[in-house]
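K.L.:
Letter by letter, the sequence shown follows residues 41 to 351 in the working numbering.
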Amino acid sequence: MSKNIQTESSGRFDFVGNFGIFGTISAVLILGSFLYLAVKGINYGIDFKGGTEIQVKYNQTVTIEEVRSAIQGLNLGDTGVQGFGEGNEFIVRFVGEKGATDKETNEKLQVSIEAVKQALTTKFGDKGAEVRRVDSVGPQVGSELKRNGFLSIFYCLLVILIYVSMRFDYKYSPGAVVCLLHDVVITLAIFMLVGKEVNVPILAALLSLIGFSLNDTIVVFDRIRETEGQYKNKGMSFIINKSINDMLGRTFITAGSLALTSLCLYLFAGGVVSDIAFVITVGLFFGTYSSIYVAAPLIILMEKLKAPKAA
């Protein structure tokens with residue numbers, strides 16, 4: 041009887057009572073994501089592994105098999121063709137031949153680029169081929185970009201740990217950092233699962249996701265701290281449950297409006313914008329979820345770890 045009264049007074053939904061179930065789900069998801077990324081690896085784009093990317097558009101429908109056939113036999117090394125849009129726009133990626141010196145490598149690269157452009161335009165000349173973009177990144181530059189990019193995520197998490205510790209209390213910090221790590225790793229694993237490539241814009245999307253997830257978590261933490269001051273005679277479970285219930289409307293309105301925008305971009309934008317929107321859309325879901333079922337339970341855990349010392 042007393043349990044029902046406490047649940048009703050702390051809010052309409054008993055989030056704390058489901059922490060065990062969703063905590064197990066989160067643990068399985070994050071462990072599975074780590075294992076998947078460790079086994080399959082991360083599929084890096086040319087920004088990180090180096091290479092050349094040529095975007096071509098046709099006025100009429102061309103199949104991806106026809107594009108692959110057009111560039112066969114050009115000695116391009118590792119190649120890939122990706123289609124997007126309405127079946128008439130493609131991105132051709134290739135590594136190219138390496139020379140004895142950087143100068144020779146650049147010369148061979150220019151020859152390969154011209155050969156690919158000619159093959160893509162002459163074979164489909166009656167379909168109005170238009171080369172819209174040519175990007176090249178050297179392997180050393182790509183390696184440096186990859187290193188700096190992932191270092192930026194690491195330093196971001198480190199600064200967040202320090203910030204939350206200073207603004208709140210040590211018991212809040214682990215929840216915030218684990219929450220962000222949870223969101224990034226699971227989103228990245230799903231992004232790899234659907235066969236996408238990680239490049240600089242995607243890394244920027246992941247950093248944006250960290251910013252959103254942190255903001256959502258901080259808002260929940262602020263509410264928990266405020267409620268804790270009002271109900272000093274209540275346990276942390278009651279306080280967290282009431283705080284999440286109080287913030288539920290604000291959370292769904294904020295996350296829902298952002299998710300609707302990013303979903304529209306994913307469905308209608310195409311290209312790299314669609315990939316960024318995919319990361320944001322998936323990340324918004326897990327960011328909202330983790331603020332409730334990852335960050336908050338860790339506050340209770342830290343309270344329990346602190347209790348024996350206080351005694």
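The beta carbon of each residue, even a glycine, is placed where N, CA and C say it ideally should be.
How big is the Cα-Cα spacing for Val-225 and Ile-70?
P.N.:
Taking the first residue of the sequence shown as position 1, residue 225 is located at position 185. Taking the first residue of the sequence shown as position 1, residue 70 is located at position 30. C-alpha separation (whole angstroms): 7 Å.
K.L.:
Determine the DSSP secondary structure at Glu-237, reduced to helix, strand or coil.
P.N.:
As a working note, residue 237 is residue 197 in the sequence shown. Three-state DSSP puts Glu-237 in coil, outside helix and strand.
K.L.:
Does the beta-carbon of Thr-64 have 16 or more other beta-carbons within 10 angstroms, so that it is buried, or is it exposed?
P.N.:
Position 24 of the sequence shown, counting from 1, holds the residue named residue 64. Exposed, by the Cβ-count rule.
K.L.:
Could you please give the first and the last residue of the uninterrupted alpha helix (DSSP H) stretch that includes Ile-131?
P.N.:
Translated into positions along the sequence shown, residue 131 becomes position 91. Looking at the DSSP string, Ile-131 is not in any alpha helix (DSSP H); the run it does join, the beta strand (DSSP E), is 129 to 134.
K.L.:
If you draw a straight line from the alpha carbon of Lys-211 to that of Met-342, how long is it in whole angstroms?
P.N.:
For this step, residue 211 is matched to residue 171 along the sequence shown. For this step, residue 342 is matched to residue 302 along the sequence shown. Lys-211 and Met-342: Cα-Cα distance of roughly 5 Å.
K.L.:
In its own chain, which residues sit with a C-beta less than 6 Å from the C-beta of Ala-336, not counting the 5 before and 5 after it?
P.N.:
Translated into the one-based positions of the sequence shown, residue 336 becomes position 296. Excluding residues within five positions, the ones whose Cβ falls inside 6 Å are Ile-280.
K.L.:
Pair every Cβ in the segment 81 to 89 with every Cβ in the segment 231 to 245, then say whether three or more of these pairs are closer than 8 Å.
P.N.:
Counting Cβ pairs under 8 Å, three or more are found: they touch.
K.L.:
What does Arg-173 pair with, by DSSP beta-bridge criteria?
P.N.:
Counted from its first residue, the sequence shown places residue 173 at position 133. Note: Arg-173 sits in a beta bridge opposite Gln-95.
K.L.:
Within 10 Å of its beta-carbon, does Leu-198 have 16 or more other beta-carbons around it, so buried, or fewer, so exposed?
P.N.:
Sequence index remark: in the sequence shown, residue 198 carries index 158 (1-based). With fewer than 16 other Cβ atoms within 10 Å, it is exposed.
K.L.:
Give me the Cα-Cα distance between Asn-146 and Tyr-333, rounded to the nearest whole angstrom.
P.N.:
Translated into the one-based positions of the sequence shown, residue 146 becomes position 106. Translated into the one-based positions of the sequence shown, residue 333 becomes position 293. Spanning the two alpha carbons is a distance of roughly 52 Å.
K.L.:
Among residues of its own chain, excluding the 5 on either side of Asp-256, which ones have a beta-carbon nearer than 8 Å to its beta-carbon?
P.N.:
Position 216 of the sequence shown holds residue 256. Here the set comprises Thr-291, Thr-294, Ala-295, Gly-327, Thr-328 and Ser-331.
K.L.:
Sort out for me which residues DSSP pairs Val-121 with in a bridge.
P.N.:
Sequence index remark: in the sequence shown, residue 121 carries index 81 (1-based). Beta-bridge pairing links Val-121 to Val-132.
K.L.:
Give me the DSSP bridge partner(s) of Tyr-84.
P.N.:
Counted from its first residue, the sequence shown places residue 84 at position 44. Note: Tyr-84 sits in a beta bridge opposite Val-238.
K.L.:
Is it buried or exposed, Thr-267, if we count other Cβ atoms within 10 angstroms and call 16 or more buried?
P.N.:
Position 227 of the sequence shown, counted from the first residue, corresponds to residue 267. Thr-267 should be labelled buried.
K.L.:
Compare the Cα-Cα distances from Gly-323 to each of Glu-170, Thr-92, Leu-254 and Met-276 and report the closest residue.
P.N.:
Within the sequence shown, the letter at position 283 stands for residue 323. Among Glu-170, Thr-92, Leu-254 and Met-276, the Cα nearest to that of Gly-323 is on Leu-254.
K.L.:
I'd like the list of long-range same chain contacts for Val-352, defined as Cβ closer than 6 Å, with 5 residues on each side in sequence excluded.
P.N.:
Absent from the model: residue 352. The displayed extent of the chain is 41 to 351, so no value can be given.
K.L.:
Could you spell out where the alpha helix (DSSP H) holding Lys-282 opens and where it closes?
P.N.:
Against the sequence shown, residue 282 aligns to sequence position 242. Here the alpha helix (DSSP H) through Lys-282 covers 276 to 308.
K.L.:
Note down the Cα distance separating Ile-111 from Val-240, rounded to an integer number of angstroms.
P.N.:
Along the sequence shown, read from residue 1 onward, the residue named residue 111 stands at position 71. Along the sequence shown, read from residue 1 onward, the residue named residue 240 stands at position 200. Distance between the alpha carbons of Ile-111 and Val-240: 27 Å.
K.L.:
In chain order, what residues of the same chain have a beta carbon less than 7 Å from the beta carbon of Leu-220, not counting five sequence neighbours either side?
P.N.:
Here the question's residue 220 lines up with position 180 in the sequence shown. Within the same chain, Leu-220 has close Cβ partners Leu-197, Ile-200, Ile-250, Ser-253 and Leu-254.
K.L.:
DSSP three-state call for Lys-157: helix, strand or coil?
P.N.:
For the purposes of this step, residue 157 is taken as the residue at position 117 of the sequence shown. Helix at Lys-157.
K.L.:
Can you tell me whether Glu-154 is buried or exposed? The criterion is at least 16 other CB atoms within 10 Å of its CB, across all chains shown.
P.N.:
Within the sequence shown, residue 154 is the residue found at index 114, counting from 1. Glu-154 comes out exposed.
K.L.:
Judging by CA-CA distance, which residue of Ser-152, Thr-141 and Lys-157 is the nearest neighbour of Lys-97?
P.N.:
Stepping through the sequence shown from its first residue, residue 97 is reached at position 57. Measuring from the Cα of Lys-97, the nearest candidate turns out to be Lys-157.
K.L.:
Nearest by alpha-carbon distance to Lys-186: which of Asp-54, Val-204 and Lys-89 is it?
P.N.:
As a working note, residue 186 is residue 146 in the sequence shown. Checked all of Asp-54, Val-204 and Lys-89; the closest Cα to Lys-186 is Lys-89.
K.L.:
Measuring only the C-alpha atoms, how far is Ala-216 from Gly-123?
P.N.:
Looking up residue 216 in the sequence shown gives position 176. Looking up residue 123 in the sequence shown gives position 83. Roughly 39 Å separates the two Cα atoms.
K.L.:
Could you tell me if Phe-59 is buried or exposed, where buried requires 16 or more neighbouring beta carbons within 10 angstroms of its beta carbon?
P.N.:
As a working note, residue 59 is residue 19 in the sequence shown. Buried is the call here.
K.L.:
Where does Asn-128 land, buried or exposed, given buried means 16+ other C-beta within 10 angstroms?
P.N.:
Here residue 128 corresponds to residue number 88 of the sequence shown, with the count starting at 1. When all chains shown are included, Asn-128 counts as buried.
K.L.:
Quick check on the burial criterion: 16 or more other C-beta atoms within 10 angstroms. Buried or exposed for Met-287?
P.N.:
Locating residue 287 in the sequence shown gives position 247, where the first residue counts as 1. Burial call: buried.
K.L.:
To the nearest angstrom, how far is the alpha carbon of Leu-307 from that of Leu-247?
P.N.:
If you number the sequence shown from 1, residue 307 lands on position 267. If you number the sequence shown from 1, residue 247 lands on position 207. Between Leu-307 and Leu-247, the C-alpha separation is close to 22 Å.
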